[in-house]
Every structure is written in C-alpha cells, then in structure tokens.
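Written out below as structure tokens is the structure these notes cover.
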Amino acid sequence: MPPPVNQRAELQRLLQRGDFMNAKHLAGDMLRRNPRDGEAWLGVARCAIGMNRLRVAEEALERAERLITGDHRISMAWAIVDHYLARSDKAIDRLRVLIARKAPNALDATIFLADILHRTGKRAEMKALVEQGGMWLTDVRGRIMAARVRAKDDREGAVSEFEAIAREPGEVSMRRNAGFEAVQLLDSAGEYRRAWELATYIHQNTASPFNLSDMQADVHAQRQLLANGKAWFNPRVPQVDGIAFIVGMPRSGTTLLEQMLDRHSCVAGIGEYEGIMALGDSLVHAGAWPRGLGTISAEDAVVFQSNYLSGPRTPEVAGKAWLVDKSLQTWHWLPAVAAILPGARCMHITRDPRDTAVSLYLSSFNPKHFGWTGSLGGIREVMTAERALSMEALSVLKIRHEEIVYEDLIEDPDGHAQRVTALLGITPESDMLRPEDNTRTVLTLSHEQVRRPINRTSIGRWKNYESAFGPEWDALVATHNSRRRCP
Numbered sequence: 038m039p040p041p042v043n044q045r046a047e048l049q050r051l052l053q054r055g056d057f058m059n060a061k062h063l064a065g066d067m068l069r070r071n072p073r074d075g076e077a078w079l080g081v082a083r084c085a086i087g088m089n090r091l092r093v094a095e096e097a098l099e100r101a102e103r104l105i106t107g108d109h110r111i112s113m114a115w116a117i118v119d120h121y122l123a124r125s126d127k128a129i130d131r132l133r134v135l136i137a138r139k140a141p142n143a144l145d146a147t148i149f150l151a152d153i154l155h156r157t158g159k160r161a162e163m164k165a166l167v168e169q170g171g172m173w174l175t176d177v178r179g180r181i182m183a184a185r186v187r188a189k190d191d192r193e194g195a196v197s198e199f200e201a202i203a204r205e206p207g208e209v210s211m212r213r214n215a216g217f218e219a220v221q222l223l224d225s226a227g228e229y230r231r232a233w234e235l236a237t238y239i240h241q242n243t244a245s246p247f248n249l250s251d252m253q254a255d256v257h258a259q260r261q262l263l264a265n266g267k268a269w270f271n272p273r274v275p276q277v278d279g280i281a282f283i284v285g286m287p288r289s290g291t292t293l294l295e296q297m298l299d300r301h302s303c304v305a306g307i308g309e310y311e312g313i314m315a316l317g318d319s320l321v322h323a324g325a326w327p328r329g330l331g332t333i334s335a336e337d338a339v340v341f342q343s344n345y346l347s348g349p350r351t352p353e354v355a356g357k358a359w360l361v362d363k364s365l366q367t368w369h370w371l372p373a374v375a376a377i378l379p380g381a382r383c384m385h386i387t388r389d390p391r392d393t394a395v396s397l398y399l400s401s402f403n404p405k406h407f408g409w410t411g412s413l414g415g416i417r418e419v420m421t422a423e424r425a426l427s428m429e430a431l432s433v434l435k436i437r438h439e440e441i442v443y444e445d446l447i448e449d450p451d452g453h454a455q456r457v458t459a460l461l462g463i464t465p466e467s468d469m470l471r472p473e474d475n476t477r478t479v480l481t482l483s484h485e486q487v488r489r490p491i492n493r494t495s496i497g498r499w500k501n502y503e504s505a506f507g508p509e510w511d512a513l514v515a516t517h518n519s520r521r522r523c524p
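Numbering (this note's numbering), first residue to last: 38 to 524.
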C-alpha cells in the first residue's frame, strides 16, 4: 500500500531542510508500511548521505534502484556516494550522463561535476567546463567554481568575487565557502592581515550557536575513569585484525600520514569513515557511554563490532591487510575502540598548537559540528582536551600505538614510515615517501596540500599571525616541543 501523499511531501520537506534524523524516522515508518516503497528507500539514502553513513546509503540506493528505474535523483545520489567513497571517475561519468540528457537536476550535476574536477586536480577539464558557459554560472555555486578557475591567472579578481559572495545576503554555507576561499588566497599571497580580518568577519557573521560544555563534561567523565589507571571494562568480543586509526585534531597532519600509508601495497586508507561516530552513537543510545562500557552484553558488543567492520570492507580494498581510518572524532571515542575493537592500532599525531590553530581558524569547517574553530579560545580548549584525553586513554587502555609529531614526520619521513609499518607488522615501502603520487581522491581540506611532495612550508606558519597568540598558549607549546624527537 502506498503511503499517504502528505507523508512523501513531509519527507521531502525534512530532507530539503537538512533534518536528516527526523527524515530517517519518517522514511522508516513508510518502509514499515510498505517495504517496497522506492521513494522511502531513496529518502533513507539521502538521509544516510547527509549523516555521512555512506555504506548505508549504498544499500538503500541499491534497493531504490530496483524499485524506481532510470530516476535522475538516484543517479545524482550515486554520484555523491561514489565521489565520497573515492570513486570519483565513476561519479564524473554519472554526472556527464545527467548533463547530456538535460535531466531535471542537470544544473546541480554540472556544479557537482565542477567541484569534483577541482578536488581531483583536473584543472583543464574544469576550465573547459566553465568556458562552455551556461545558466549554472549564474548560481552562487557556479560563481564560486568560476572564481576558482579565475584564481589561476587573476588572484585579486578571484578574491574580490569570493569576498563579494561572502558579504552578500545568502545561504550561510555558500558565504562561508566563498569567504574562506578568499582567505586562503590572501594567506598564500602573504596578505596576512586581510586574511585574518576576513576570517574573523566570516566567523562572526556565519557562526551557529555552539556550546563546548557538553564535550567538556564528557571528556571530564572519561578522564575521571582513566584516573584509576586501568580499564573499567573487559572487551567481550574477539580481537579485530587489520584496523588502524589515525588519531588527532583536524589540520594536524592526519591526511598526510594517511596518504603515506595508503601508498603501501598492504594498506588502504578509508578516509574519515563514519563508523566510529555510528559506534559512539550506538553506545550513547544504549546508555553505556562511558561508564557503562562494562555492562554491555557480549551479544550487543558483537553487533556493535560487526556494524563497524561491515562498512569499510568493500571490493575496492579487497586484499589489503590493513585499513586506516582517519575519522576526526576518534580521539573522543578511544574507550569505545578498546571495548568494541580490541586489537586495533592507533597513530596519534600532533602538530605545533599554533600552526594547527591558524590552519583551523582560516579554514571552513561546518559550524554546527566544529563551531569551536571560530575562535582561538575554543580551539585551545578543544586542543587541550584532545591531547590530554588521547594520551591518557591510549596509555591506560593499553591500545597499541605510536606517537607522531608532525614536524618530526616532515624532517624524517623515512624513519616515521618505518615506525608506523612496524606498528602494523609490515615492511616499509619506498612509495610511502611519495604521497603526492597517490591517485585516490582526497575529500578533506588538505586535498591540495597532499598533492605536493612532503615539504616544510606549513611549519612555523603561525609566525605570520604572531600577534594573535599570547602566553595562554605557552603550556601547550612546551608540552608539544618536549615530545619532539628531531632537533
């Protein structure tokens, strides 16, 4: 029986508003009424994409495709999933078909195609797409794409266009994206005052309410449990094989380390896989986080473990002995790793706190989830919490790990390649020292940096903004410097 028309309309309204949790519940209700409702399965897929649950999205799209044939919305959703799962060439092919057919979503397909071409370094193809013209270039997203092409030969003109978009009334995400594109161009041109002032303007005018107190309370609860010097739970699941995590703050070198590892013939980087967040959500929902980890039944623990492991093992990584997960939230869920994924290895990477802070402040992060990046005070608080909690949890919970300092990694990449491969029990390979040759699509903010050979250009970047840092940073800096191995 088909669902009432108003249910489908409400599902579309929730999806357009970005209310993925309520949309997911509504789609679930529709499927309980009719498991063969293709619109509901497409709704599940769109929710999963919005919540970064890409393996769930794949399964839902496969079901939707069997029930609704030749639908342009399904093709677009597949292109998004393909790109996010590092199948960008496949995504490009899907989008070109939609554009050639003049599908109802051809404008969106063109804009998404331009973005993929930008992120994958296909500059000539992107320039050709822009030069073809079309109505898509009047859309604010198209203006951003055109300004990216313009930046190659006319930096100041591109900055002016980006900044104009950032200061216009309009969708916050577009204003942020354009504004921080201008910030990066100004920073790379040595116009540091303009870059900082524009970043400050964007943070002040596009921020979402963000409260650090919940995160701080959770970190405090974990550290109280860790203060006893031993785990407060015993894992009730088998040890896992072949799972490793890169643990660290955003913009601390996590992408570089992952790209180095991904060049090894036995290793596959899986990016910022959503599995650790899903695991954390499950533990919170079960009332087991963090104090109740020891109360989880063996049956539930096996389900939680299976849910995490089922996602990354795809045909693309078949035959790889190790999968490396660089989720930005792993530092917050290390007791979950120890309880549900015993045997997983970790590489904890840190970078000069001031360099990390500058990179965070001058970059566009989702203000809903990373609102703390909008002020140096918020960045310092989260950084202090991350470094204390990560080091304590890795040590107390006896998680096999290596401590990596970004600056040391840059100075001695060969030595660090040996250290991390020893942690994984594999032999280092020379390709690891050429991460810039990696052909896998990088979706993080570091997608351009990792296409260059390992270099020192990001070390000491904070000195361009030295006046922003006072003595309140001294303790973090001293701790960081004390951990360095290379002089």
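The beta-carbon is built from N, C-alpha and C at its ideal position, and this holds for glycine as well.
- prompt: When the Cα of residue 52 is compared with those of 73, 74, 90 and 85, which residue comes out closest?
  reply: 85
task: Compute the Euclidean distance between the alpha carbons of residue 229 and residue 105, then round it to the nearest angstrom.
output: 52 Å
- prompt: Does the distance from the C-beta atom of residue 279 to that of residue 360 stay below 8 Å?
  reply: yes
- prompt: So what's residue 545 in DSSP terms, helix, strand or just coil?
  reply: The requested residue 545 is not part of the displayed model; the chain covers only 38 to 524.
- prompt: According to the Cβ coordinates, are residue 416 and residue 289 closer than 8 Å?
  reply: no
Cβ-based burial, residue 257 [other Cβ within 10 Å; buried from 16]: That one is exposed.
task: Using a threshold of 8 Å, state whether the C-beta atoms of residue 95 and residue 118 are closer than that.
output: yes
- request: Closer than 8 Å by C-beta to residue 249: which residues in its own chain qualify, once you throw out the five before and the five after it? Chain order, please.
  value: 409, 415, 418 and 419
field: In DSSP terms, what residue 360 is bridged to
entry: 280 and 305
message: Let's test the definition: count the other Cβ atoms within 10 Å of the Cβ of residue 46 and tell me whether it reaches 16, buried, or not, exposed.
response: Per the 10 Å Cβ criterion, exposed.
query: Leaving out five residues before and five after residue 57 in sequence, what residues of the same chain have Cβ atoms less than 7 Å from its Cβ?
result: So the list reads 84, 87 and 88, once near-sequence residues are dropped.
field: Status (buried if at least 16 other CB within 10 Å, exposed otherwise) for residue 492
entry: Exposed, since its Cβ has fewer than 16 Cβ neighbours within 10 Å.
field: Any 3 or more C-beta pairs closer than 8 Å across the segment 463-476 and the segment 293-308
entry: With contact defined as three or more Cβ pairs closer than 8 Å, the segment 463-476 and the segment 293-308 are in contact.
message: Does residue 383 come out as helix, strand or coil in the three-state DSSP assignment?
response: It is a strand residue.
Proximity of residue 183 and residue 202 at Cβ, strictly below 8 Å: no
- request: Excluding the 5 residues preceding and the 5 following residue 457 in the sequence, name in chain order all residues of the same chain whose CB lies nearer than 7 Å to its CB.
  value: 298, 384 and 439
message: Please report the distance separating the alpha-carbon of residue 181 from that of residue 174.
response: Those two C-alpha atoms are separated by around 9 Å.
task: Have a look at 428, 260, 498 and 368 and flag the residue whose alpha-carbon is nearest the alpha-carbon of residue 516.
output: 428
query: For residue 521, which residues of its own chain have a beta-carbon under 7 Å away from its beta-carbon, when the five flanking residues on both sides are left out?
result: 442, 444 and 445
task: Please confirm whether residue 284 and residue 379 have their CB atoms less than 8 Å apart.
output: no
message: Going by DSSP in three states, residue 442 sits in which element: helix, strand or coil?
response: Residue 442: strand per DSSP, three-state reduction.
query: Would you report the Cα separation of residue 503 and residue 344, rounded to the nearest angstrom?
result: 46 Å
message: For residue 63, which residues in the same chain have their Cβ closer than 8 Å to its Cβ, ignoring the five residues on either side in sequence?
response: 44, 47, 48, 51 and 80
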